[in-house]
Each structure stands twice: as structure tokens, then as C-alpha cells.
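Using the numbering used here, the first residue of the sequence shown is number 412, and each one after it goes up by one. Note that CB positions come from ideal geometry on N, CA and C, so glycine has one too. Note that the structure is predicted; figures quoted are calculated from it, not measured. The structure under discussion appears below in the form of C-alpha cells.
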Amino acid sequence: PQLFLGYSTRGNFEPAPDWFPTGDIFNLENGRYLHQARERELIDSGGRKIAPCLIEMAFAEMPELEDSLAFSIELGGVERPGLIYVRQKSCVLSQAELAQAVESQAKKALSVELRPFWWQEVEAIPRLANGKPDRKKAKNQWADRGQLPQGHTSSS
């Protein structure tokens, strides 16, 4: 119901005295501003800006997954969405079966542009000291620049 000083009704940040731009991106839905992403977290896939939360929301519906994290990887000079995920302790699927379930969910819940180019099961999502997901660490750890991560599964 309240707009922070410095944000305009056009959705652009207009600096106010003693305020710093945050790079936060909001959408106006049903008369309320909903936080979508930070500009530096967006995946720029062929000129299309993708908020990682859109990808993560599709996988939050899977009872087999405890958590997931989407981030960008660079392949051949183009950013692509990637995904790491943590299985629920109660999940009895094999690693291959779970990867197939992730692929099936991607095809069911996401448009082609939003589907992760690769995904990988991990033990835990890296986190910052404040508990937020650490996309930079995930990108550095699992998405070597210019090549697919070891053990990847492509969605194409």
C-alpha cells in the first residue's frame, strides 16, 4: 500500500535526496507493488530479462524438491538460465528419475524461454550470512564460463 520515496509510478527509480538506488524491480498487480527481483540477478537470455524467481516458483510446486535456485550461466557468449535443486529427504526417486521429473515440470510449467538450459541436484543451496540464496557463489561453483557443468542435463 505504500511506495518508497524515490520510486515513481512509471516503475523507474528516480533518486531522491539521501537515497541510494537498490536495483529492485517491482510489478504492479491488483493495485499492489510486488517485488520481482534485483536487477543484477536478472538473466539476460538473448535480450529477454528473466527474473529467477519465475523459474523457482515453478519448481516450488514439486513435492520432491526441498529448495531450488535459478541463476544465469554464460554459454558461447549468451546467458542461459540454470537451476540447482535439493531433494526432499522423503523423496525415493533415483537421481535420474528426479532429473526426469524436473525436466517434466519445466516443460509443464514454463515457457520455452524460461526453461532452465541445465539443472543439477546438489546437497544444499549456498547461502549468504543473512540466509538469502547466494546466486554468485552458485554461478561460480556450478556454471563454469563457456561450458556446461559436469553432470548437467539439457532441457532441449
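TODO: Sort out for me which residues DSSP pairs S505 with in a bridge.
DONE: DSSP lists no partner for S505.
Task: Contacting residues, own chain, Cβ-Cβ under 8 Å from V533 (five flanking each side not counted) - done: I495, Y496, V497, W553
Task: Length of the line joining the Cα atoms of W530 and G542 - done: 22 Å
Open item on the list: For L504 and E475, which I take to be in contact (beta-carbon distance under 8 Å), what is that distance rounded to the nearest angstrom?
Closed with: 6 Å
Open item on the list: For C464 and A481, I'd like the C-alpha separation in whole angstroms.
Closed with: Taking the straight line from one Cα to the other gives about 7 Å.
Task: The beta strand (DSSP E) enclosing L480, as first and last residue numbers - done: Per DSSP, L480 belongs to the beta strand (DSSP E) from 476-486.
Task: Bridge partner(s) assigned by DSSP for I495 - done: Paired residue(s): L480, Q531.
Task: Contact with chain C by V523, beta-carbon distance below 8 Å - done: The displayed structure is made up of one protein chain only, and chain C is not part of it.
Open item on the list: Using only the alpha-carbon positions, how far apart do G557 and M473 sit?
Closed with: Since pLDDT at G557 reaches only 48, below the 50 mark, its modelled position is unreliable, and no value is offered.
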